[in-house]
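Peer 1: Using the working numbering, the first residue of the sequence shown is number 4, and each one after it goes up by one. Positions of the beta carbon are idealized from the N, C-alpha and C atoms, including for glycine. Quick caveat, the model's predicted, so the values are computed rather than measured. Mind having a look at this structure? Questions to follow.
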Amino acid sequence: MRFRGKYDFSSLFLFFYSCFQPLTQPIESSFHKVRLDDYAQPVLYSPQEKPGSRQTHVLFSRCYEVQTQNYEHLERGGPLFEEDPRYPALWMKCWVDGQNVPIIRKPVSEWDWSYVKTKYPCSFFWAADIPWPRNKRVQVVLQGEFLVPSHPGKKDSFEYIDNVGVAGSGSAPYEEISFTFDLSAIAQSIPGIGKIDSSLFWWWLCDSFFLIHPRGYRIKNGKVRWSFEKVWKLDEKFRVEWYAWYRE
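Listed below in structure tokens is the structure:
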């Protein structure tokens, strides 16, 4: 193909789009994103190097189900989790239909821009090579652990980025997405909870132990849960802040 005179950029765009369209369309139409469930639980530990002190860790798991269509392929370096810079993961593991899949922590400079990056600050992400079979309901499980840094004040917090789905890709939306912060374990460890002679009585009376964001959640049996249906794209931060009584 020869171009004479000025380039017709609209023609160039249509030419390259037509070249890549046959490659991208099968991938976009090869998934039916069924559901995604995130679960995070803050727990208190006593570190061996500091007897008598307490540290908060967060145990995290993500499980999502995908119904594949008539297209088998290996997704190389697919991003599975984007880290908040203030809360790096201590470790992460991944399973696809019960089979362990190596997962690697990468700097954001290695991000594959064919994926949509989060709008929030992010320095590292976790990625894996995911084998997608043909015409099967696949379950992907991600597990990790985070150390909550101790702040100078009397409050600790944890938040993480959830960036899932692709808007306008032509694929079907997630049928359901849920996020759960299980605060039952850390709440049960609060000493003298509800007792008038406790130094923490005022915090309990004013219901100020935990601050939760964003709104729209429900609480049952100490578990904070957000639920969304028919979602194509979600890029949100989920945050819990609590009074650090264990550092008094």
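What does the Cβ neighbour count give for Ser-126, buried or exposed, with the cut at 16 atoms within 10 Å?
Peer 2: exposed
Peer 1: Which residue comes first and which comes last in the alpha helix (DSSP H) that contains Ser-187?
Peer 2: 187 to 191
Peer 1: Which runs of the beta strand (DSSP E) spanning at least 3 residues fall entirely within the segment 29 to 97, listed in chain order?
Peer 2: 34 to 48, 58 to 71 and 76 to 85
Peer 1: If contacts are defined as beta-carbon pairs under 8 Å, then Val-37 and Val-69 qualify, I think. What distance do you get, rounded to the angstrom?
Peer 2: With 8 Å as the limit, Val-37 and Val-69 qualify as a contact, their Cβ atoms being about 6 Å apart.
Peer 1: According to DSSP, simplified to helix, strand and coil, what is Tyr-249?
Peer 2: helix
Peer 1: Quick check: the segment 77 to 86 against the segment 105 to 125, are there 3 or more CB pairs under 8 Å?
Peer 2: yes
Peer 1: Could you work out which residue in Glu-75, Asn-103, Ser-49 and Leu-214 is closest to Val-144 when comparing CA atoms only?
Peer 2: Out of Glu-75, Asn-103, Ser-49 and Leu-214, Asn-103 has the C-alpha closest to the C-alpha of Val-144.
Peer 1: To which residues of the same chain is Asp-87 closer than 8 Å at the C-beta, ignoring the five residues directly before and after it?
Peer 2: Only Tyr-123, Pro-124, Cys-125, Glu-162, Tyr-163, Ile-164 and Lys-240 meet the Cβ criterion.
Peer 1: In the structure shown, what three-state DSSP assignment does Val-111 receive?
Peer 2: helix
Peer 1: Identify, in the order they occur along the chain, each residue of the same chain with its Cβ nearer than 8 Å to the Cβ of Leu-77, setting aside the five sequence neighbours on each side.
Peer 2: In the same chain as Leu-77, and ignoring 5 residues on each side of it, the C-beta atoms closer than 8 Å to its own belong to Asp-132, Ile-133, Pro-134 and Trp-135, in chain order.
Peer 1: Just verifying my parser: in three-state terms, what is the DSSP assignment at Ser-160?
Peer 2: strand
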